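K.L.:
Can you keep this structure in mind? I'll have questions shortly.
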Amino acid sequence: MPSPTIPPRIKWAVDLMDVQPGDQVLEIGCGPGAGAEAICAKLETGKLFAIDRSESGVDRTKRRNQKYVDAGRLVVRQIDLATLRVPVKRLNKVFAFNVNLFWVRACEDEIALLHERVVPGGAVYLFYEAARPELVPNIVKKASENLLRGGFRVSVVEQKAPPVIGIIARR
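Here's what the structure looks like:
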């Protein structure tokens with residue numbers, strides 16, 4: 009059975025990340041697996057470690073991306089970021105799409121974990137659909153403040169159609 013197509017918003021986000029064949033990537037909140045599919049398609053010797061708190065998200069990601077699991081390029085686990093022990097010591101990139109953790113509550117421990125695991129020059133990419141433009145300033149402000157406090161340098165990118173905001177935190 010062919011895989012569903014990758015939504016344009018996910019394709020744009022993953023293209024912006026410039027995933028390299030040997031990258032070690034963490035995806036937070038893998039959901040239906042579209043991000044994992046787009047990232048794994050670019051990996052050769054690298055690996056994606058995808059996590060989700062939801063059992064159904066983990067199952068959907070595994071089903072959609074079974075060929076990457078079988079090839080050893082994708083590991084999927086049901087866990088939240090706060091309790092994660094990343095199997096790879098160093099990450100080049102971290103990807104999250106519509107994960108509210110970074111702007112709705114205090115997340116110092118999670119950001120500290122990311123800062124510790126992302127290699128110098130690596131980055132955390134947080135993307136949010138901007139279908140409700142009135143929320144965008146608060147999302148950008150809160151997430152950026154949390155990342156800056158955690159030692160990251162932050163920049164913001166935007167795509168108009170489909171509307172997506174990206175917060176890039178470089179180590």
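Using our numbering, you'd call the opening residue of the sequence shown number 9 and step up by one each time. All residues carry an ideal CB built from backbone N, CA and C; glycine is no exception. Computed from a prediction, not measured in an experiment: that's the story for all the values here.
List the whole-angstrom C-beta distance separating Val162 from Ile173, where the pair is believed to meet the contact cut-off of C-beta under 8 angstroms.
P.N.:
Between Ile173 and Val162 the Cβ distance is about 12 angstroms, and since that is not below 8 angstroms, they are no contact.
K.L.:
Can you grab the Cα-Cα spacing for the pair Val77 / Val83, in whole Å?
P.N.:
6 angstroms
K.L.:
Taking the alpha carbon of Lys149 as the point to measure from, which residue in Gly43, Arg85 and Ile175 has its own alpha carbon closest?
P.N.:
Ile175
K.L.:
So for Phe135, helix, strand or coil by DSSP?
P.N.:
strand
K.L.:
Answer with buried or exposed for Pro10, where buried requires no fewer than 16 other C-beta atoms within 10 angstroms of its C-beta.
P.N.:
Its pLDDT being 48, under 50, Pro10 is placed unreliably by the model, and the measurement read from it follows with that caveat. Label assigned to Pro10: exposed.
K.L.:
Taking DSSP as the reference, what is the three-state secondary structure of Gln28?
P.N.:
coil
K.L.:
Determine the closest residue to Leu121 out of Glu142, Phe160, Pro141 and Asn106, with distance taken between C-alpha atoms.
P.N.:
Phe160
K.L.:
Could you tell me the alpha carbon to alpha carbon distance between Ile18 and Arg93, rounded to whole angstroms?
P.N.:
26 angstroms
K.L.:
By DSSP, does Ser163 sit in helix, in strand, or in coil?
P.N.:
In the structure shown, Ser163 falls within a strand segment according to DSSP collapsed to helix, strand and coil.
K.L.:
Let me know the secondary structure DSSP gives Ile87 once reduced to three states.
P.N.:
coil
K.L.:
Might you give, ordered along the chain, the residues of its own chain that have their beta carbon closer than 8 angstroms to the beta carbon of Leu56, omitting 5 neighbours on each side?
P.N.:
Val33, Leu34, Glu35, Ala44, Ile47, Cys48, Tyr76, Arg81, Leu82 and Val83
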